[in-house]
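Encoded as structure tokens, the structure appears first; notes follow it.
In the working numbering, the protein residues as written are 587 to 893.
And the structure:
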């Protein structure tokens, strides 16, 4: 199985359009040790990447740019796409807005939990993906049940996924009308069906690590690296919110993800979904060196992971 990190930034990307924090200023000015990043998304294939069908995990607002710079996702005929299905981990705007860029009358399958699906179906914009019967085939992603991802016609992609509940929150646009549930935010276990021990976990929004069992026993763990410290936004006077208020566990500290995940053996650990304020975005920062000394990697746009 091959995983391509299409986007490694949190919502807003890097730089964020309205942010003048030191990191965003540095990347805009093209300073050494800083590279721009697009918003969180992953492309997965269980076949030869040169001639494969792909499953996207999340559809970020930057999806068209991500496709443009990822050659295996280019069309191979006048009307064609290697992208056959999309799996959503939650209903946040930075994970669903890219769907509406895929409106040019091409059949796709969309997998989401019942709660996320309800939020989407309340959105009138979904009609742009329903111009003909079968343009968008909606399939329910059940927590704890492994599924073989299939395209809109029912043909298998070879990618197997199991969703598990992860501590999170309702998307901001649904807070006034929705009811919180375990289906609002999920992590994913991915494999190709032939090597059950070669699994990857993708969990980019996680409020705490009290329930850690789903993260153990895998070859690769792509985990929430949004904030380095709990009060990161407060220190920069950008927001009054703490990391926990936004359903993210920080990297540092005794209860942070670096300390809590370090004890998981035999697993390649990679931080992704990195906020524009996070000091690990600088290749020369002490915070980045701390993460790397602990054996963790930091994802970047275009990163390839092979299992």
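Even glycine gets a Cβ: it sits at the ideal position worked out from N, Cα and C.
- According to the DSSP secondary-structure assignment, residue 698 is paired through a beta bridge with 726.
- Here residue 855 is bridged, per DSSP, to 807, 882.
- Here residue 736 is bridged, per DSSP, to 742.
- Taking residue 646 as the centre and dropping the five residues before and after it, the same chain places the C-beta of 592, 593, 624, 625, 626, 627, 652, 680, 681, 683, 684 closer than 8 Å to its C-beta, in chain order.
- CA-CA distance, residue 641 to residue 612, rounds to 34 Å.
- Assignment of beta-bridge partners to residue 625 by DSSP yields 595.
- Within the same chain, 865 come within 6 Å of residue 871 by CB-CB distance, once the 5 residues on both sides are set aside.
- With a 10 Å radius around the Cβ and a threshold of 16 neighbouring Cβ atoms, residue 631 comes out buried.
- In this chain, residue 670 is not harboured by any alpha helix (DSSP H); it is covered by the beta strand (DSSP E) spanning 669 to 673.
- Sequence-distant Cβ neighbours of residue 622 in its own chain, meaning closer than 7 Å and more than five residues away, are 600, 601, 613.
- In the structure shown, residue 604 falls within a coil segment according to DSSP collapsed to helix, strand and coil.
- In the same chain as residue 697, and ignoring 5 residues on each side of it, the C-beta atoms closer than 6 Å to its own belong to 673, 725, 727, in chain order.
- In this structure, the straight-line span from the alpha carbon of residue 693 to that of residue 659 is close to 15 Å.
- For residue 609, the secondary structure class from DSSP, reduced to helix, strand or coil, is helix.
- In this structure, the straight-line span from the alpha carbon of residue 749 to that of residue 775 is close to 6 Å.
- By the Cβ test, the region 835 to 851 is in contact with the region 876 to 886, since at least three Cβ pairs between them sit closer than 8 Å.
- Nearest neighbour of residue 831 by Cα position, chosen from 813, 654, 708, turns out to be 813.
- Taking 8 Å as the cut-off, the beta carbon of residue 791 is found closer than this to the beta carbon of residue 754.
- Residue 835 sits in coil when the DSSP states are folded into three classes, being neither helix nor strand.
- Assigned with DSSP and collapsed to three states, residue 872 falls in helix.
- Judged by DSSP in its simplified three-state form, residue 866 adopts helix.
- In this structure, the alpha-carbon of residue 863 lies about 10 Å from that of residue 595.
- It is roughly 29 Å from the alpha-carbon of residue 663 to the alpha-carbon of residue 733.
- Residues 639, 737, 743 of the same chain have their beta carbon placed closer than 6 Å to that of residue 670, with the five preceding and five following residues left out of the count.
- No Cβ-Cβ contact shorter than 8 Å links residue 604 with residue 868.
- Our two residues, residue 811 and residue 875, have alpha carbons roughly 15 Å apart in a direct line.
- Judged by DSSP in its simplified three-state form, residue 711 adopts helix.
- With a cutoff of 8 Å on beta-carbon distance, residue 858 and residue 772 are scored as not near each other.
- Closest by C-alpha distance to residue 686, out of 853, 701, 650, 805, is 650.
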